[in-house]
Amino acid sequence: MKQAAAACLATALTACAATQQADAVAPQAPGFLLGLWHGFIFPVAWIVSLFVSNVAIYAVPNNGGWYDFGYFLGIVVFGVGAKRGHTVTRDRIIDVRARRID
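In mature numbering (1 follows the signal peptide of the UniProt record, and there is no 0), the protein residues as written are -17 to -1, 1 to 85.
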């Protein structure tokens, strides 16, 4: 248990040191809308990137936080993370009525 807690703590602390190089952010580079598009086409781009060397799944340089936000929304909301076709079925009904005790 202590080892798992230490591993989780170490992982969390390494995330605090994550930085982005200054030359990876450029104001005129791809922004929110291209990030949204890149996130949406992520599955196809990833497969293509395995076979074609000049195709990547993430644009570098980009304009920073807005590109990242669009990329995140593209994957999670509109892309592979979206729950499409999720249906809820009701196979039984439980009728519970309060009993009066006289």
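The beta-carbon is built from N, C-alpha and C at its ideal position, and this holds for glycine as well.
Cross-strand partners of residue i (DSSP beta bridge)
i   : result
N45 : V8
Where the alpha helix (DSSP H) through residue i begins and ends
i   : result
F34 : F25 to F34
Cβ separation of residue i and residue j, assumed to be a contact under 8 Å, to the nearest whole Å
i          : j   : result
residue 90 : G14 : Given that the chain is displayed from residue -17 to residue 85, the structure contains no residue 90 and the question cannot be resolved.
P44        : A12 : 4 Å
Residues near residue i in its chain [Cβ-Cβ closer than 7 Å; skip 5 each side]
i   : result
P10 : N46
A39 : S32
W20 : G57
Beta-carbon contacts of residue i that lie in its chain and below 8 Å, excluding the five residues immediately before and after
i   : result
L16 : G53
A28 : H21, V38, A39 and I40
V35 : none
Check: residue i C-beta below 7 Å from any heavy atom of the ligand FMN
i   : result
V60 : Ligands in the displayed structure: none, and consequently the ligand FMN is not present.
Residue environment, residue i, which counts as buried when at least 16 other CB atoms sit within 10 Å
i     : result
G48   : exposed
L33   : exposed
L(-9) : exposed
6 Å Cβ shell around residue i - same chain, five flanking residues per side excluded
i   : result
F61 : F23
G18 : Y50, G53 and Y54
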